[in-house]
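Number of protein chains: 2
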Amino acid sequence: MHMKATVPITAADLKSACSQCNLLELCLPFGMTETEVNRLDELVGTRRKIKRQQHLYRAGDPFEAIYAIRIGWFKTDVVLEDGREQVTGFQMTGEMLGLDGISTEAHSCNAIALEDSEVCVIAYDKLEELSRQIEGLQHQFHKVMSREIVRDHGVMMLLGSMRAEERLAAFLINLSQRFTARGFAASEFHLRMTRDEIGSYLGLKLETVSRAFSRFQEEGLISVQQKHVRLLDIPALRKIIQHPSVMR
Amino acid sequence: MHMKATVPITAADLKSACSQCNLLELCLPFGMTETEVNRLDELVGTRRKIKRQQHLYRAGDPFEAIYAIRIGWFKTDVVLEDGREQVTGFQMTGEMLGLDGISTEAHSCNAIALEDSEVCVIAYDKLEELSRQIEGLQHQFHKVMSREIVRDHGVMMLLGSMRAEERLAAFLINLSQRFTARGFAASEFHLRMTRDEIGSYLGLKLETVSRAFSRFQEEGLISVQQKHVRLLDIPALRKIIQHPSVMR
DNA sequence: TCTTGTGGTTGACGTGGATCAACGGTCTGT
DNA sequence: ACAGACCGTTGATCCACGTCAACCACAAGA
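Protein chains in written order, with my numbering: chain U, 1 to 248; chain S, 249 to 496.
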C-alpha cells in the first residue's frame, strides 16, 4: 500500500492522522482536547514523501499549504540573484514548514529534504477555517508562528554579535535541546547537513566550521567523526556562548 | 485632554480608532469591509504614548497585547547575559510590535521608542476572539506574522552573506521603500537611529557604518549629514546589493 | 574490488572589518 | 544661551575569518 516519493497516500492510510501521532506535544494539536484533535484529522488531507535533496517547495511557488514534518530533516534557504545562498533554518520532526508563504501567497524560500522525509500536508484555507472554530488550534497555530519569529531573532543575535566558535557552540546546544525534546539522546547525534550548509546557516565558510569542530575536539568538548557528533561537555559549550573569549 | 507618556487615553479620544485611521492599508484592518473595521474599533481599547528612549515593553514582561504604531519609531533588541545587544528591527508607523510574546506568553525582546511615539494597544485575547469571527481580520493578522518571518529571513541573508557596504545599501533601500509605502519621500529622510544602532542591526561596528556612509557619499550615491540622508542614485545602491564587488 | 566523486580536514596566506585613539560637531536639558 | 554628554568621523593598526590549495576519508556504483 505504500508508494513512491511525493505521491499522496490514500485516505485509508491516514485515518486519525493527528490523533494517532506521537508528535502531539510538539506539533499543532498541542493543548487541544481529544475531540478537538479528532476534528483536526480532517485537516491533514494527505501526506507527502520527499526524497533526499528534493524540494518540498521552491521560492515563488504558490502558497497553498503548510507542512508538519513527520519524519526526516529539511533545510530552508533563500538565494540571491547572484547565487549566494543563505540557509535560514534546519527543521526536524514535529516542526512546521511553509509559514513564510502566508504573507504574499507565494513561498519566499526553498525547502529541501536533507534525508528521505515525510510531511503532513495542511491545506491553509482549511486550517484558517478550522482555527476559527477551535480556539485551541488557533492559539497553538499563533504560538507556532510566534516561536518562529523568536527563533529568527536568536539567529540574528548569533549572526550579528557572536564569533565563530560561539556560533557553532550555540548551534550544537540548540540541536541537543531539540533532540532532547523529542526523546532522543541529548549528547550524541548524526548531523544531517554538510559543513557547507552549517556554514551558510551560521554565516561562516565551511573551512571555519571544520576548524571550530576540530578545536572543540582538541579541547575535549566534543568528539566529531564526519557527521557523527558527541557532546562531551555541554556546560562548557554553554559557557562559550555567553562568554566572549575576547573583548566585548 | 491629553496627558503624559504611557498613560492611557480616555475612551472618548478613541471613538472609531481604526475606522478613522489613515493607516488602514498598512495595518491590521487591511482587506476588511467597513462594517468589519467598525467592529475592530472595540479591539483597540487604549492608546499609549511612549517618550523617546522609553520602553514599550521589556524582555520577560508578561505578554498581554500587541501594538500597532500610530506615530513614531521603535527599535527591538535582544540582549545577551554578557551585555551584547542585537537590534532585531526598526519599526515605523503602521507596523506591529509584540508578536514575539505570543509563543511563551512573555516578551522575548525589548521595544524602545526612538522618538516620542504613540501606539494602539490591542489586547491579545480580544484579538484572537475577534479574529475567530472576522475572517478578514484573521487572515490579515496571519499575513502580518508571516511578513515578519519573511523579513527576518531577509535579515539573515544580510547578516550571513553580505559585505558591509551591501548591508548598508540594503538597509537604505529598505527604509526608502517603507517611506514610499507611507507616502513619504523615497529618497530623503531623517534616520531616527544612531550609527551604533544601525551597526548593531547590520552586524557591524559603528565605525564601519560611518565609513560606509562616507564611501557612498564620496561615490555620489548618497549625501549624508548626520542623521539626514538623501539617496542620490537608488539604482546604483540596488546594484551594490546584488553585485558582489569582490568574489563570491 | 576498484573507481569516482563528494565531503571534510588542515596549512599558508590575505583582507575586511574590528579595535584603539583622537578630535570635532551637535543635540539636550537647564 | 550655555555646558556637557553624546554622536559621528577619520586614521593607524590588528586579527578573526576568508581564500586558496593540497590531501584524505568515505560512500556509491560499476
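For glycine and all other residues, C-beta sits at the position ideal for the given N, C-alpha and C.
Residues that residue i contacts on chain S, provided the C-beta gap is smaller than 8 Å
i        : result
U/Lys143 : Ile350 and Ser351
U/Ile50  : Residues of chain S passing the Cβ test: none, with the nearest at roughly 21 Å.
Alpha-carbon to alpha-carbon, residue j and residue i
i        : j        : result
U/Ala113 : S/Cys266 : 44 Å
U/Leu130 : S/Thr341 : 32 Å
U/Ile173 : U/Ile234 : 7 Å
U/Ala170 : U/Lys143 : 23 Å
S/Arg478 : U/Thr76  : 36 Å
S/Gln334 : U/Glu42  : 42 Å
U/Leu204 : S/Leu407 : 11 Å
S/Gln339 : S/Lys487 : 25 Å
U/Cys21  : U/Val121 : 14 Å
S/Ser356 : S/Gly349 : 6 Å
S/Glu329 : U/Met156 : 16 Å
S/Ala429 : S/His401 : 21 Å
S/Glu467 : S/Lys475 : 19 Å
S/Gln473 : S/Ser458 : 11 Å
U/Gln138 : S/Glu376 : 8 Å
U/Leu237 : S/Gln302 : 35 Å
U/Thr208 : U/Leu202 : 10 Å
S/Arg332 : U/Ile134 : 41 Å
U/Asn38  : S/Glu284 : 32 Å
S/Val398 : U/Ile149 : 9 Å
U/Asp125 : S/Asp373 : 22 Å
S/Phe432 : S/Ser409 : 30 Å
Proximal residues to residue i (C-beta, below 6 Å), its chain only, five neighbours per side dropped
i        : result
S/Gly346 : Ile314 and Tyr315
U/Phe141 : Ser131
U/Ala5   : Caution applies to U/Ala5, whose pLDDT of 42 falls short of 50 and renders its modelled position unreliable; the model cannot decide the point.
U/Leu206 : Arg195, Asp196 and Gly199
S/Leu276 : Gln388
U/Arg192 : Trp73, Leu114 and Glu115
S/Ala460 : Ala412, Glu413 and Leu416
S/Ile489 : Glu414, Ala417 and Ala418
U/Gly31  : Gly136 and Gln140
S/Phe464 : Ile470
S/Leu288 : Cys266 and Pro277
U/Glu95  : Ile69
U/Leu23  : Gly94
Closer than 9 Å at the beta carbon, the chain U residues around residue i
i        : result
S/Ser448 : Gly160 and Ser161
S/Gly451 : Met156, Leu159, Gly160, Ser161 and Gly203
Partner residues on chain S for residue i, Cβ-Cβ distance less than 7 Å
i        : result
U/Val155 : Met404
U/Val229 : Within chain S, no residue comes near U/Val229; the closest Cβ sits about 22 Å away, beyond 7 Å.
U/Val150 : Asp348, Ser351 and Ser356
Sequence-distant residues of the same chain with beta carbon closer than 7 Å to residue i, five excluded per side
i        : result
S/Ala354 : Gly308, Asp309, Pro310 and Phe311
U/Lys15  : For U/Lys15, the predicted structure reports a pLDDT of 47, less than 50, and the residue's modelled location is therefore unreliable. A value from the coordinates is still provided. Contacts found: none.
S/Phe437 : Leu423, Phe427 and Val477
S/Met393 : Leu347
Within chain U, partners of residue i - CB distance below 7 Å
i        : result
S/Gln334 : Met156, Met157, Gly160 and Ser161
S/Arg395 : Ser103
Expected contact under 8 Å - CB spacing of residue i and residue j to nearest Å
i        : j        : result
U/Thr88  : U/Val79  : About 11 Å; that fails the 8 Å criterion.
S/Ser351 : U/Arg147 : 4 Å
S/Ala359 : S/Leu304 : 4 Å
Same chain, Cβ closer than 8 Å to residue i, five either side skipped, listed in chain order
i        : result
U/Glu118 : Arg47, Arg48, Lys49, Ile50, Ile69, Arg70, Ile71 and Gly72
U/Ala123 : Leu43, Gly45, Glu64 and Ala65
S/Gln425 : Ala434
U/Glu34  : Ser19
U/Leu232 : Ser187, Gly220, Leu221, Ile222 and Ser223
U/Ser250 : Examination of residue 250 of chain U is not possible in this model, given that chain U is present from 1 through 248 alone.
Contact list for the stretch 341 to 370 of chain S against chain U, Cβ threshold 8 Å = Leu347, Asp348, Gly349, Ile350, Ser351, Thr352, Ser356 and Cys357
Can you list, in chain order, the residues of the stretch 264 to 290 of chain S whose Cβ is nearer than 8 Å to any Cβ on chain U?
-> none
Cβ-based contacts, 8 Å cut-off: residues of the stretch 128 to 141 of chain U near chain S | Glu128, Ser131, Arg132, Gln133, Glu135, Gln138 and His139
Quick one, which residues of the stretch 186 to 199 of chain U are near chain S if we go by CB-CB under 7 Å, in chain order?
-> none
Could you please tell me which residues of the stretch 298 to 330 of chain S, in chain order, have their CB closer than 7 Å to any CB of chain U?
-> Val326, Leu328, Glu329 and Asp330
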